[in-house]
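Engineer: For the protein sequence lines, the chains are R and U, in the order given. Residues 1 to 409 (the numbering used here) make up the first sequence, in order. Residues 1 to 126 (the numbering used here) make up the second sequence, in order. Every residue, glycine too, gets a C-beta built ideally from N, C-alpha and C. No experiment lies behind these values; they were computed from the predicted model shown.
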Amino acid sequence: MFDLKKVKKDFPIFDRLINGKRIVYLDSTASTLKPRKVISALNDYYTRYSVNIFRGLYTLSEEATAEYEKARQKIARFIGCGNPKEVIFVRNATEGVNLVAQAWGEINIGKGEEIVSTVMEHHANIVPWQELVKKKGAVLKFVDFDNEGYLDLNDLEKKINRKTKLFAVTYMSNVLGTINPVSRIIKTVRRINPQAKILIDAAQAVPHLKVDVDNLGCDFLVFSGHKMLGPTGIGVVWGKYELLDGMFPYQFGGDMIKEVYLDKTVYKEPPHKFEAGTPHIAGAIGLGAAVDYLFELGMDNVRLHEIKLTEYGLRSLKGIDGLTVYGPQKAQERGGVLAFNLKKVHPHDAAQVLNEDNVCIRSGHHCAMPVHTKLHIPASCRASLYIYNTEEDIDQLVLSLQKAVKIFT
Amino acid sequence: MDNFYRDNILDHYKNPRNFGRLKKPDVSYSEENVTCGDKIGMEVKFRIQNSEFKIIEDVRFWGEGCAVSMASSSLLTQKVKGMDVLKVKNLGKEDILKLLGIELTPTRLKCALLPLEVLQKALQGK
Ligand SMILES: Cc1ncc(COP(=O)(O)O)c(C=O)c1O
């Protein structure tokens, strides 16, 4: 395990007090805080070699290009990918899904064919598919989840068939916290339809679990840098090389071309074929530094810490009168995402009272309206945990929630 | 912020005035603030005073939401009862803030203003 006190010191934001009180940050599912290492990497790029890549043969540009590509290699290694050309930089997980929907979906989805997703997805893994099937006259289906928040694997077997072209599923739910048994799910899909492609939304997985794409057996995997200690504006699509190679470019212009004539253009190979225009160079380098930081902590340790803290959180929250926590109740089978409701307090009011103690939680539907519809609730509170959170943070959460309950009863 | 949930707001939240439905409303409208899941409906009955004035004779609201949106609905319905429709159409953010008597961040402002939006949409074309 890692030293929690030391980890906390790596995050300069914790030096800040608001109204004289410390910050209790419980919204890492939305965005994580940034360690000094990442901030320095960004600063270093902007102060020492803040130039464009692939364009100059001067030292500074060579340095920037090397660092950008080095970040790609680090990220590839981090997700268990042997070929860095399979790592495409995008803005975030959302853009990742859109890239696949356009660059792969445009040429591979036809009338009457089927895309399958699940009811527990973030909107990012629903809306791009809705638009694609609308355009193509294809069909979109959803695998349900059960009352405990587990994906319904029987329903999966019913929804996947010979017409399925793509199955898009989250690795970990950003509301229920459910960690889906993706290896098993992938095997099931392959058994029913070996041709179907599988996209994993790993926005909540790569930051919290050891992910190994070469062993997982999916075709695409997307995630966001800002949810794993990295900067905003940088995310990743990982895809199998043969697939990427056969795909249409995503956007067109500079940096993605090999040769341009006035009447035709030859595109580069992946990943550059999908990275038109000047990318978020600093962002990629910053994400590389984030990956270094997580690697040093060890993803097994990250997971252990979160299991322990999630157990503590589940136990503590249950002590509050009228509080319901959604999703699996076993910490081993879920991430540190604790969505809950209080009987007498609307999520907005709870979040507002908590804000008085600098306890930062999310309230609303967390970009997963279908999850809330299925649970028959308009909204929920969500406290989420990461490497810098402690039992004291949870104790403060409980205290502040009790304060909210008192105000409203 | 510390005094955010003043007694006034809590009182209107816990004991909302004009909560429920009208038997035969002249107009009704409802809307959801999807980002937080608040849902508010407004029903209005008019009294035609003369060719110039149309008065809100009765008004009810229904739905569910946070303390801010509920208290704002309750206070608003109290205020507009007996008011001329044209005047209600001209109410704005400042009027609602005055009713609530608190300062609001942009996120919470949406909760506070939803009732007025719903009411004004109900009155559209009237
Ligand atoms: C499971 C999941 N998928 C996708 C996203 C979208 O991430 P981003 O907003 O960075 O594109 C999120 C983030 O909220 C998420 O939790």
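Taking only beta-carbon atoms, is Asp-408 of chain R less than 9 Å away from chain U?
Structural biologist: Reading the first sequence from its first residue, position 408 is the one you call residue 408 of chain R. Per the sequence shown, the amino acid found at residue 408 of chain R is Phe instead of Asp. Yes, contact with chain U.
Engineer: Along the chain, where does the beta strand (DSSP E) containing Ser-224 of chain R start, and where does it finish?
Structural biologist: Residue numbering aside, residue 224 of chain R sits at position 224 when the first sequence is read from its first letter. Taken as a continuous stretch (DSSP letters only), the beta strand (DSSP E) holding Ser-224 of chain R covers 220 to 224.
Engineer: Quick one, are the C-beta atoms of Leu-99 of chain R and Tyr-241 of chain R less than 9 Å apart?
Structural biologist: For the purposes of this step, residue 99 of chain R is taken as residue 99 along the first sequence, with counting starting at 1. For the purposes of this step, residue 241 of chain R is taken as residue 241 along the first sequence, with counting starting at 1. With a cutoff of 9 Å on beta-carbon distance, Leu-99 of chain R and Tyr-241 of chain R are scored as not near each other.
Engineer: Would you kindly check if the distance between the Cβ of His-348 of chain R and the Cβ of Ala-379 of chain R is under 9 Å?
Structural biologist: What you label residue 379 of chain R is simply residue 379 of the first sequence in a count that begins at 1. What you label residue 348 of chain R is simply residue 348 of the first sequence in a count that begins at 1. Yes, the pair counts as a contact, with Cβ atoms nearer than the cut-off.
Engineer: With C-beta atoms as the reference, is Arg-60 of chain U less than 9 Å away from Arg-21 of chain U?
Structural biologist: To locate residue 60 of chain U, count along the second sequence from 1; it is residue 60. To locate residue 21 of chain U, count along the second sequence from 1; it is residue 21. The answer is yes: Cβ separation under 9 Å.
Engineer: At a Cβ threshold of 9 Å, is Gly-20 of chain R touching chain U?
Structural biologist: Counting from one through the first sequence, the residue named residue 20 of chain R turns up at place 20. It does not; no Cβ of chain U falls within 9 Å.
Engineer: Any beta carbon from chain R within less than 9 Å of Leu-114 of chain U's own beta carbon?
Structural biologist: Residue mapping note: residue 114 of chain U aligns to position 114 of the second sequence, counting from 1. Not an interface residue.
Engineer: Which class does Arg-129 of chain U belong to by DSSP, given the choice of helix, strand or coil?
Structural biologist: The shown model of chain U, from 1 to 126, leaves out residue 129 of chain U, and the question about it has no answer.
Engineer: Within 10 angstroms of the Cβ of Pro-35 of chain R, are there 16 or more other Cβ atoms? Answer buried if so, exposed if not.
Structural biologist: As a first step, residue 35 of chain R must be located in the first sequence, where it is residue number 35. When all chains shown are included, Pro-35 of chain R counts as buried.
Engineer: With C-beta atoms as the reference, is Ala-138 of chain R less than 9 Å away from Glu-113 of chain R?
Structural biologist: The residue you call residue 138 of chain R lines up with position 138 of the first sequence. The residue you call residue 113 of chain R lines up with position 113 of the first sequence. Yes, the pair counts as a contact, with Cβ atoms nearer than the cut-off.
Engineer: Got a sec: is the Cβ-Cβ distance from Tyr-29 of chain U to anything in chain R below 9 Å?
Structural biologist: Your numbering for residue 29 of chain U matches position 29 in the second sequence. Look at Tyr-29 of chain U: its C-beta is not under 9 Å from any C-beta on chain R.
Engineer: Using a Cβ-based criterion (distance less than 8 Å to any ligand heavy atom), does Asn-180 of chain R qualify as near ligand 1?
Structural biologist: On the first sequence, residue 180 of chain R is found 180 positions in, with the first residue counted as 1. No; taking the cut-off as 8 Å, the Cβ of Asn-180 of chain R has no heavy atom of ligand 1 nearer than that.
Engineer: Three or more C-beta pairs closer than 8 Å, one from the region 140 to 151 of chain R and one from the region 110 to 127 of chain R: is that the case here?
Structural biologist: yes
Engineer: Taking the alpha carbon of Lys-135 of chain R as the reference point, which residue from R:Phe-145, R:Val-236, R:Asn-108 and R:Thr-170 has its own alpha carbon closest?
Structural biologist: By 1-based counting over the first sequence, the position of residue 135 of chain R is 135. Of the listed residues, the one whose Cα sits closest to Lys-135 of chain R is R:Asn-108.
Engineer: With respect to 8 Å, is the separation between the Cβ of Met-172 of chain R and the closest non-hydrogen atom of ligand 1 below this value?
Structural biologist: Counting from 1 along the first sequence, the entry for residue 172 of chain R is found at position 172. Correct: Met-172 of chain R has its Cβ closer than 8 Å to ligand 1.
Engineer: Since Asp-255 of chain R and Gly-277 of chain R should fall inside the 8 Å C-beta cutoff, what is the C-beta to C-beta distance between them, to a whole number of angstroms?
Structural biologist: Start at 1 with the first residue of the first sequence, and residue 255 of chain R comes out as number 255. Start at 1 with the first residue of the first sequence, and residue 277 of chain R comes out as number 277. Indeed, because the Cβ distance is near 6 Å, the residues count as touching under 8 Å.
Engineer: Check whether the Cβ of Asp-155 of chain R lies closer than 8 Å to any heavy atom of ligand 1, and answer yes or no.
Structural biologist: Position 155 of the first sequence, counted from the first residue, corresponds to residue 155 of chain R. Relative to ligand 1, even the nearest heavy atom lies 8 Å or more away from the CB of Asp-155 of chain R.
Engineer: Given that a residue counts as buried once 16 or more other Cβ atoms are within 10 Å of its Cβ, and exposed if not, what is His-372 of chain R?
Structural biologist: Residue 372 of chain R sits at position 372 when you count from the first residue of the first sequence. The residue in question, His-372 of chain R, is buried, as its Cβ has 16 or more Cβ neighbours within 10 Å.
Engineer: For Ser-72 of chain U, verify whether its CB is less than 8 Å away from any heavy atom of ligand 1.
Structural biologist: Within the second sequence, the letter at position 72 stands for residue 72 of chain U. Result no, Cβ not under 8 Å from ligand 1.
Engineer: Quick check: is any heavy atom of ligand 1 less than 8 Å from the C-beta of Lys-227 of chain R?
Structural biologist: Counting from one through the first sequence, the residue named residue 227 of chain R turns up at place 227. Yes; taking the cut-off as 8 Å, the Cβ of Lys-227 of chain R has a heavy atom of ligand 1 nearer than that.
Engineer: In chain order, what residues of the same chain have a beta carbon less than 7 Å from the beta carbon of Phe-252 of chain R, not counting five sequence neighbours either side?
Structural biologist: Here residue 252 of chain R is taken as the residue at index 252 of the first sequence, counted from 1. A distance below 7 Å between beta-carbons, with the five flanking residues on each side excluded, links Phe-252 of chain R to the following residues of its chain, in chain order: Ala-276.
Engineer: Could you tell me which uninterrupted alpha helix (DSSP H) segments, each at least 4 residues in length, are contained entirely in the region 318 to 392 of chain R, listed from first to last along the chain?
Structural biologist: 347 to 355 and 369 to 375
Engineer: Whose C-beta lies closer than 7 Å to the C-beta of Lys-8 of chain R among residues of the same chain, with five residues either side of it excluded?
Structural biologist: Here the question's residue 8 of chain R lines up with position 8 in the first sequence. Cβ within range, chain order: Phe-14 and Tyr-388.
Engineer: Is there contact here, the region 199 to 216 of chain R with the region 166 to 175 of chain R, by at least three beta-carbon pairs under 8 Å?
Structural biologist: yes
Engineer: State the start and end residues of the unbroken alpha helix (DSSP H) segment that holds Val-175 of chain R.
Structural biologist: If you number the first sequence from 1, residue 175 of chain R lands on position 175. From DSSP, Val-175 of chain R is part of no alpha helix (DSSP H); its letter is neither H nor E.
Engineer: Are the CB atoms of Lys-121 of chain U and Asp-26 of chain U within a distance shorter than 9 Å?
Structural biologist: Reading the second sequence from its first residue, position 26 is the one you call residue 26 of chain U. Reading the second sequence from its first residue, position 121 is the one you call residue 121 of chain U. The answer is no: Cβ separation not under 9 Å.
Engineer: Of all the residues that make up the region 67 to 87 of chain U, which are near chain R by a beta-carbon distance shorter than 9 Å?
Structural biologist: Ala-67, Val-68, Ser-69 and Met-70
Engineer: Name the DSSP bridge partner or partners of Asn-33 of chain U?
Structural biologist: Your numbering for residue 33 of chain U matches position 33 in the second sequence. In the DSSP output, where bridge partners are listed per residue, Asn-33 of chain U has U:Asp-38.
Engineer: Counting only Cβ pairs nearer than 9 Å, list the residues of chain R close to Glu-64 of chain U.
Structural biologist: As a working mapping, residue 64 of chain U is identified with position 64 in the second sequence. Simply His-346 and Pro-378.
Engineer: Take Thr-188 of chain R as the anchor and find which of R:Asn-154, R:Asn-174 and R:Ile-377 has the nearest alpha-carbon.
Structural biologist: Stepping through the first sequence from its first residue, residue 188 of chain R is reached at position 188. In this structure, R:Asn-154 is the residue among R:Asn-154, R:Asn-174 and R:Ile-377 with its C-alpha nearest to the C-alpha of Thr-188 of chain R.
Engineer: Using a Cβ-Cβ cut-off of less than 8 Å, give me the residues of the region 323 to 355 of chain R that come near chain U, in sequence order.
Structural biologist: His-346, Pro-347, His-348, Asp-349, Gln-352, Val-353 and Asn-355
Engineer: Taking the Cβ atom as the reference point for each residue, do Ile-179 of chain R and Gly-335 of chain R lie within a distance shorter than 9 Å?
Structural biologist: Residue numbering aside, residue 179 of chain R sits at position 179 when the first sequence is read from its first letter. Residue numbering aside, residue 335 of chain R sits at position 335 when the first sequence is read from its first letter. Going by C-beta atoms, Ile-179 of chain R is nearer than 9 Å to Gly-335 of chain R.
Engineer: What three-state label does DSSP hand Met-1 of chain U in the structure shown?
Structural biologist: Indexing the second sequence from 1 puts residue 1 of chain U at position 1. For Met-1 of chain U, the predicted model reports a pLDDT of 42, less than 50, meaning its position is unreliable and no value from the coordinates is stated.
Engineer: Cβ-heavy atom distance between Asp-27 of chain R and ligand 1 below 8 Å?
Structural biologist: Locating residue 27 of chain R in the first sequence gives position 27, where the first residue counts as 1. Because no heavy atom of ligand 1 lies under 8 Å away, the Cβ of Asp-27 of chain R does not count as near it: no.
Engineer: Do you know how far the Cα of Thr-32 of chain R is from the Cα of Ala-41 of chain R?
Structural biologist: Translated into positions along the first sequence, residue 41 of chain R becomes position 41. Translated into positions along the first sequence, residue 32 of chain R becomes position 32. Taking the straight line from one Cα to the other gives about 17 Å.
Engineer: Please confirm whether His-226 of chain R has its beta-carbon closer than 9 Å to some beta-carbon of chain U.
Structural biologist: Against the first sequence, residue 226 of chain R aligns to sequence position 226. No, His-226 of chain R lies away from the interface with chain U (no Cβ there is under 9 Å from its Cβ).
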